[in-house]
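Heads up, the thing below is written out as structure tokens.
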């Protein structure tokens with residue numbers, strides 16, 4: 017069974033160190049900054065084996081070169097359809113990453129949208145999803161498309177509700193604020209906000225979170241709910257025909273009015 021260590025970076029990023037009970041070897045997800053990773057590896061005396069990269073943004077790849085200076089043997093996994101520095105193993109949808117030393121494996125999922133070639137890693141009842149889905153939210157669209165991002169979230173929604181989601185940013189409380197714009201009477205949001213504040217006040221992260229909790233609190237996964245549809249149509253000023261249209265309306269509204 018894997019164990020996952022949270023390495024905070026920058027203002028609100030999370031870099032993930034995947035290891036196991038023995039804590040002898042590890043794999044690093046999206047090292048935007050090498051320094052906190054090197055400190056964690058040294059303190060815990062963990063030998064890194066590989067890097068798992070989800071997409072090309074600087075806060076996810078910026079530490080690769082420095083880590084390779086210290087650990088030149090590292091395998092660098094990353095999306096085949098994006099430019100990833102020092103990538104050794106390009107990945108696409110349906111590929112599998114086998115981590116023999118950790119007795120773990122991860123399936124590669126195409127979750128394009130935030131970026132055009134974004135991938136996620138799913139396995140061991142865990143999802144490492146970069147900037148595709150956040151607690152009560154989802155990523156912005158950069159060089160992908162709204163339709164792609166909607167399709168990516170719909171795909172992730174088919175994973176088991178028990179899946180632990182390891183996203184790359186501490187955005188949950190802020191996202192709950194927007195979710196309350198969409199569903200002001202959603203009591204599950206009130207409960208989640210209280211829980212998240214308790215975690216943050218205790219110095220703990222709101223990530224990982226249980227995917228099943230997103231089904232009752234994340235508006236971008238609730239585009240089939242009558243209250244969400246009604247709010248999106250009010251914002252759009254017209255009837256919306258598909259869940260993709262509802263999703264796009266919510267995402268654009270958040271981009272232009274809330275963020």
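Numbering (our numbering), first residue to last: 17 to 275. Every residue, glycine too, gets a C-beta built ideally from N, C-alpha and C.
Quick one: what's got a C-beta closer than 8 Å to residue 19's C-beta in the same chain, skipping five residues either side? Residue mapping note: residue 19 aligns to position 3 of the chain shown, counting from 1. The residues are 34, 35, 36, 37 and 39.
For residue 235, which of helix, strand or coil comes out of DSSP? For the purposes of this step, residue 235 is taken as the residue at position 219 of the chain shown. Three-state result, residue 235: helix.
Could you pull out every residue in the same chain whose Cβ sits closer than 6 Å to the Cβ of residue 50, ignoring the five residues on either side in sequence? Against the chain shown, residue 50 aligns to sequence position 34. Taken in chain order, the residues that qualify are 79, 82 and 83.
Same chain, Cβ closer than 6 Å to residue 114, five either side skipped, listed in chain order: Mapped onto the chain shown, residue 114 falls at position 98. Cβ within range, chain order: 121.
According to the Cβ coordinates, are residue 169 and residue 236 closer than 8 Å? Within the chain shown, numbered from 1, the residue matching residue 169 stands at position 153. Within the chain shown, numbered from 1, the residue matching residue 236 stands at position 220. Against a cut-off of 8 Å, the Cβ pair of residue 236 and residue 169 comes out as a contact.
Name the one or two DSSP bridge partners that residue 205 has. As a working mapping, residue 205 is identified with position 189 in the chain shown. Answer is none; residue 205 lacks a bridge partner.
Whole runs of the beta strand (DSSP E) within the region 115-159, excluding any shorter than 3 residues: 120-126, 135-139 and 142-146
So, with DSSP's three-state summary, where would you put residue 186? Position 170 of the chain shown holds residue 186. Coil at residue 186, not helix or strand.
Specify the secondary structure class of residue 26 as computed by DSSP and reduced to three states. Taking the first residue of the chain shown as 1, we reach residue 26 at position 10. In this structure, residue 26 counts as coil in the three-state DSSP scheme.
Given this structure, state the Cα-to-Cα distance separating residue 247 from residue 273, to the nearest angstrom. Here residue 247 is taken as the residue at index 231 of the chain shown, counted from 1. Here residue 273 is taken as the residue at index 257 of the chain shown, counted from 1. Their backbone Cα atoms lie some 14 Å apart in a straight line.
Go ahead and label residue 144 buried or exposed: buried means 16 or more other beta carbons lie within 10 angstroms of its beta carbon, across all protein chains shown. Here residue 144 is taken as the residue at index 128 of the chain shown, counted from 1. Looking at its Cβ environment, which holds 16 or more other Cβ atoms inside 10 Å, residue 144 is buried.
For residue 102 and residue 43, what's the separation of their Cα atoms in angstroms? Reading the chain shown from its first residue, position 86 is the one you call residue 102. Reading the chain shown from its first residue, position 27 is the one you call residue 43. Using only the alpha carbons, I get a separation of about 16 Å.
Within 10 Å of its beta-carbon, does residue 224 have 16 or more other beta-carbons around it, so buried, or fewer, so exposed? By one-based count along the chain shown, residue 224 stands at place 208. Classification of residue 224: buried, given that the 10 Å Cβ count is 16 or more.
Span separating the alpha-carbon of residue 218 from that of residue 189: Stepping through the chain shown from its first residue, residue 218 is reached at position 202. Stepping through the chain shown from its first residue, residue 189 is reached at position 173. Those two C-alpha atoms are separated by around 14 Å.
Per the DSSP calculation, residue 255 is bridged to which residue(s)? In the chain shown, counting from the first residue as 1, residue 255 sits at position 239. In the DSSP output, where bridge partners are listed per residue, residue 255 has none listed.
Could you give the distance in angstroms between the alpha-carbon of residue 108 and the alpha-carbon of residue 134? Here the question's residue 108 lines up with position 92 in the chain shown. Here the question's residue 134 lines up with position 118 in the chain shown. Roughly 9 Å separates the two Cα atoms.
Is the beta carbon of residue 65 sitting closer than 8 Å to the one on residue 117? By 1-based counting over the chain shown, the position of residue 65 is 49. By 1-based counting over the chain shown, the position of residue 117 is 101. A contact, by the Cβ cut-off of 8 Å.
Among all the DSSP beta bridges, which residues are the ones paired with residue 35? Within the chain shown, residue 35 is the residue found at index 19, counting from 1. Residue 35 pairs with 19.
In terms of residues, what are the limits of the alpha helix (DSSP H) holding residue 168? Walking along the chain shown from the start, residue 168 turns up at place 152. Here the alpha helix (DSSP H) through residue 168 covers 162-172.
If you follow the alpha helix (DSSP H) that residue 57 is part of, which residue opens it and which one closes it? Numbered from its first residue, the chain shown carries residue 57 at position 41. Its alpha helix (DSSP H) spans residues 50-60.
Taking just the CA atoms, how far does residue 28 sit from residue 47? If you number the chain shown from 1, residue 47 lands on position 31. If you number the chain shown from 1, residue 28 lands on position 12. Whole-angstrom Cα-Cα distance: 13 Å.
Would residue 110 and residue 124 be called neighbours here (beta carbons separated by less than 8 Å)? Reading the chain shown from its first residue, position 94 is the one you call residue 110. Reading the chain shown from its first residue, position 108 is the one you call residue 124. Yes; because the gap between Cβ atoms is below 8 Å, this pair is in contact.
For residue 21, I'd like the list of residues in its chain whose CB is within less than 6 Å of its CB, leaving aside the five on either flank, ordered along the chain. Sequence index remark: in the chain shown, residue 21 carries index 5 (1-based). 33, listed in sequence order.
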